[in-house]
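Q: Quick one: the structure is below, and I'll ask about it shortly.
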Amino acid sequence: MKTALQKFGKFLSAMVMPNIGAFIAWGFITALFIADGWLPNEKLASIQPYMLTYLLPVLIAATGGRMVAKDRGLVMGAIAIMGCIAGVGGTKGQPMLMAAMVMGPFAGWVIKKFGNLN
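Structure, rendered in structure tokens:
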């Protein structure tokens with residue numbers, strides 16, 4: 001049981017770690033440019049919600065899809081999470097970070113299994 005849980009945790013962290021630079025950039029932009037930040041700037045702060053809503057989940061889902069089914073999985077993971085984001089209302093909904101960790105690998109698995117049915 002412990003080994004399976006460790007393997008699952010390693011799989012999830014393998015989706016996030018290649019994208020850690022994007023998370024750090026989002027954190028810096030948030031800390032610096034929001035209204036209560038160190039250097040308040042309304043125009044630069046306006047990209048923060050879009051990064052959280054779109055960029056970070058798409059990167060995670062694309063990485064998860066690539067882990068399962070290479071380049072085709074990457075594309076399918078990105079498309080699948082955009083459907084999830086649209087389903088909850090875009091920037092008016094909740095960030096889909098956990099959904100990206102599920103949908104990316106699932107979409108990769110789907111394209112891997114059903115992509116060669118010629």
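Going by full-length UniProt numbering, 55 is the number at position 55 of the sequence shown; the sequence numbering is gapless. Just so it is clear, CB atoms sit at the ideal spot from N, CA and C, and this is done for glycine as well.
What are the boundary residues of the alpha helix (DSSP H) that includes A35?
A: Per DSSP, A35 belongs to no alpha helix (DSSP H) and is neither H nor E.
Q: Could you work out which residue in F8, I85, A4 is closest to P95 when comparing CA atoms only?
A: Cα-wise, what sits closest to P95 is I85.
Q: Where do the N-terminal and C-terminal ends of the alpha helix (DSSP H) with residue 119 fall, by residue?
A: Nothing in the structure corresponds to residue 119, since the chain is present only between 1 and 118.
Q: If you follow the alpha helix (DSSP H) that K70 is part of, which residue opens it and which one closes it?
A: From DSSP, the alpha helix (DSSP H) with K70 extends over 56–87.
Q: Leaving out the 5 sequence neighbours to the left and right, which residues in its chain are closer than 6 Å to P105 when beta-carbon positions are compared?
A: For P105, where only same-chain residues beyond five positions count, the Cβ hits under 6 Å are G64, V68.
Q: Going straight from the alpha carbon of G87 to that of I79, what length do you get?
A: Rounded to whole angstroms, G87 to I79 spans 13 Å at the Cα level.
Q: Counting C-beta neighbours from all protein chains within 10 Å, is the total for I24 16 or more, i.e. buried, or is it exposed?
A: Under this definition I24 is an exposed residue.
Q: Beta-carbon separation of I47 and M101 under 8 Å?
A: Cβ atoms of I47 and M101: not closer than 8 Å.
Q: Which residue wins for smallest C-alpha separation from R66, given the options W109, G93, F114, A22?
A: Of the listed residues, the one whose Cα sits closest to R66 is W109.
Q: By the 10 Å Cβ neighbour count, where 16 or more other Cβ atoms means buried, how is G89 classified, buried or exposed?
A: The residue in question, G89, is exposed, as its Cβ has fewer than 16 Cβ neighbours within 10 Å.
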